[in-house]
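As structure tokens, the structure follows; a few thoughts come after it.
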Amino acid sequence: ILKGLKDGSVTEIFGSGTAAVISPVGVLSYKGEECQVGNGETGPITSRFYEQLTGIQYGKVADPFDWVESI
């Protein structure tokens, strides 16, 4: 991943989870080395994932995977 950040082939990194939904990573640290991810702003792929996932959660986008269960 660090190599990809350095050569530009990795432009975005994000984490996902129940509370975090989709959260962009700004800096990646490994063995004392830090690499900035992208330009420090949320990138287009991360934004697309966020919009799609929250759209499914709130019923604004079709749920083709049957992930949502109304209770």
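The sequence shown maps to residues 1060 to 1130 in our numbering.
Every residue gets a Cβ at the ideal spot worked out from N, C-alpha and C, and that includes glycine.
Note that the C-beta distance between Thr-1113 and Glu-1071 is not below 8 Å. Among the bridge pairs identified by DSSP, Gln-1095 is matched with Val-1086. Taking the Cα positions, Trp-1126 is about 8 Å away from Ile-1115. Between Ile-1081 and Phe-1073 the beta-carbon gap is near 5 Å, inside 8 Å, which marks them as a contact. Residue burial is scored here from C-beta neighbours: Val-1086 has fewer than 16 other C-beta atoms within 10 angstroms and is therefore classed as exposed.
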